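Colleague: Numbering (the numbering used here), first residue to last: 831 to 1175. Pasting a structure below so you can have a look.
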Ligand code: PHE
């Protein structure tokens, strides 16, 4: 063994320069691999006489350390040509992004309805979901034995006393609160969640959402109601839409009407959605019964008004042809994600 061999390799290591990972790996094999030149020196070292071991041992170890450090350094700096084990991703690729939530179809419809009536000058009023009999029934002219008060329809919280506490079955209760507290004239819409004791099916649910509206002033007539609903229907379903009123009954309005809009899918020709009739029922409405005005302390000789109410799930069903009410409550992401970008029919 010769000292020059070690020094020569040390110089070689010092001068080593590699551009790519492949060159670094080749240099490592050439120096430190099984048949590498430094490995070979270690082999040779084993045969060196004992008294010479001291002379060569230390520089040999220093050579190995230097070579390993140099290889590490070069590895770090060399260009990645795909031959290394390091990350192979293209870091300039666009990221995956976080999935964004979307609004619930019922929220979208509620917002549209609220926006339309805001433009007509209505304020939004809200009230409690847990209500008393007075605001849900009594003040709305429900006779004491009216079937809607029956346990079949109403969830009672406490039934035992004169004014039972219950879950509101419609947001007309908020209109009563408005009549009790607001200054006349009143123009409000009341969006909110309502509860009815119904078996859950594709067409019925025990929870759903309404927007109800109320307008009270001097000389409000049925013609005003008709015009307000026609304007609303055209804003909501398109400028070609027409409306049809059918006589109906609600304890709190007289006269009462159920309102249909022309089917915006077949444009009146008749299709599956409108069941061949060309019309879709969307809301109930009428002139506020004088008894209702008087119950809230409003002079029915001086003031008159109209009210209307609609179910949001139903309107969303018609708008997007949803065929089962239960979808709205099941929080299936595949369903919920369809609406913000879904074309409106
Ligand atoms: N409150 C009625 C319902 O829940 C809807 C309605 C409101 C009808 C106002 C007429 C006037 O079905």
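We put the beta carbon where it would ideally sit given N, CA and C, even for glycine. Computed from a predicted model, the values in this text were never measured in an experiment.
#1: Please indicate yes or no: does the CB of residue 1080 lie closer than 8 Å to some heavy atom of the ligand PHE?
#2: Answer with buried or exposed for residue 1134, where buried requires no fewer than 16 other C-beta atoms within 10 angstroms of its C-beta.
#3: Can you check the region 1031-1084 for any alpha helix (DSSP H) of at least 4 residues that lies completely inside it and give the ranges in chain order?
#4: Quick check: the Cα distance between residue 1059 and residue 1092, rounded to an integer number of angstroms?
#5: Using alpha carbons as the reference points, say which of 1032, 1050, 1055 and 1024 lies closest to residue 1041.
#6: Residue 984 and residue 996 look like a contact to me (Cβ under 8 Å); what is the Cβ gap, rounded to whole Å?
#7: Measuring only from the beta carbon, is residue 1086 closer than 8 Å to any heavy atom that is part of the ligand PHE?
#8: For residue 837, which three-state DSSP category applies?
#9: Can we count residue 1002 as close to the ligand PHE, meaning its CB is less than 8 Å from some heavy atom?
#10: Taking all protein chains shown into account, do 16 or more other C-beta atoms lie within 10 angstroms of the C-beta of residue 976, making it buried, or fewer, making it exposed?
#11: Beta carbon of residue 1083, beta carbon of residue 1050: below 9 Å?
#12: In the structure shown, what three-state DSSP assignment does residue 878 receive?
#13: Of all the options 930, 993 and 956, which has the alpha carbon lying nearest to the alpha carbon of residue 1044?
#14: Would you list the one or two residues that DSSP bridges to residue 1021?
#15: Verify whether the separation of the beta carbon atoms of residue 1022 and residue 1001 is less than 9 Å.
#16: On the three-state DSSP scale, how would you describe residue 869?
#17: Do three or more CB pairs link the region 937-946 to the region 1063-1083 at distances below 8 Å?
#18: Tell me whether the beta-carbon of residue 905 lies closer than 9 Å to the beta-carbon of residue 854.
#19: Please look up how many angstroms separate the CB atoms of residue 936 and residue 1143, rounded, as I've assumed it's under 8 Å.
#20: Measure the Cβ-Cβ separation of residue 1110 and residue 1104 and say whether it is below 9 Å.
Modeller: By the coordinates alone:
#1: Along the chain shown, one-based indexing puts residue 1080 at 250. Yes, the Cβ of residue 1080 comes within 8 Å of a heavy atom of the ligand PHE.
#2: Against the chain shown, residue 1134 aligns to sequence position 304. That one is buried.
#3: 1052-1067
#4: For this step, residue 1059 is matched to residue 229 along the chain shown. For this step, residue 1092 is matched to residue 262 along the chain shown. Straight-line Cα distance between these residues: approximately 13 Å.
#5: Translated into positions along the chain shown, residue 1041 becomes position 211. Out of 1032, 1050, 1055 and 1024, 1024 has the C-alpha closest to the C-alpha of residue 1041.
#6: Start at 1 with the first residue of the chain shown, and residue 984 comes out as number 154. Start at 1 with the first residue of the chain shown, and residue 996 comes out as number 166. Between residue 996 and residue 984 the Cβ distance is about 5 Å, and since that is below 8 Å, they are a contact.
#7: Numbered from 1 along the chain shown, position 256 holds the residue referred to as residue 1086. Answer for residue 1086: yes, Cβ within range of the ligand PHE.
#8: In the chain shown, counting from the first residue as 1, residue 837 sits at position 7. Reduced to three states, the DSSP call for residue 837 is helix.
#9: On the chain shown, residue 1002 is found 172 positions in, with the first residue counted as 1. True, at least one ligand heavy atom lies under 8 Å from that Cβ.
#10: For this step, residue 976 is matched to residue 146 along the chain shown. Exposed, since its Cβ has fewer than 16 Cβ neighbours within 10 Å.
#11: Position 253 of the chain shown holds residue 1083. Position 220 of the chain shown holds residue 1050. No, these two residues do not count as a Cβ contact at 9 Å.
#12: Counting from 1 along the chain shown, the entry for residue 878 is found at position 48. The answer is coil: DSSP assigns residue 878 none of H, G, I, E or B.
#13: Here residue 1044 refers to the residue found at position 214 of the chain shown. Here the closest residue by C-alpha is 956.
#14: As a working mapping, residue 1021 is identified with position 191 in the chain shown. Beta-bridge pairing links residue 1021 to 1041.
#15: In the chain shown, the residue the question calls residue 1022 occupies position 192. In the chain shown, the residue the question calls residue 1001 occupies position 171. Going by C-beta atoms, residue 1022 is nearer than 9 Å to residue 1001.
#16: For this step, residue 869 is matched to residue 39 along the chain shown. Looking at residue 869 - three-state DSSP - the assignment turns out to be helix.
#17: yes
#18: By 1-based counting over the chain shown, the position of residue 905 is 75. By 1-based counting over the chain shown, the position of residue 854 is 24. Yes.
#19: The sequence position of residue 936 within the chain shown is 106, counting from 1. The sequence position of residue 1143 within the chain shown is 313, counting from 1. With 8 Å as the limit, residue 936 and residue 1143 qualify as a contact, their Cβ atoms being about 6 Å apart.
#20: Taking the chain shown and counting its residues from 1, one reaches residue 1110 at position 280. Taking the chain shown and counting its residues from 1, one reaches residue 1104 at position 274. Against a cut-off of 9 Å, the Cβ pair of residue 1104 and residue 1110 comes out as a contact.
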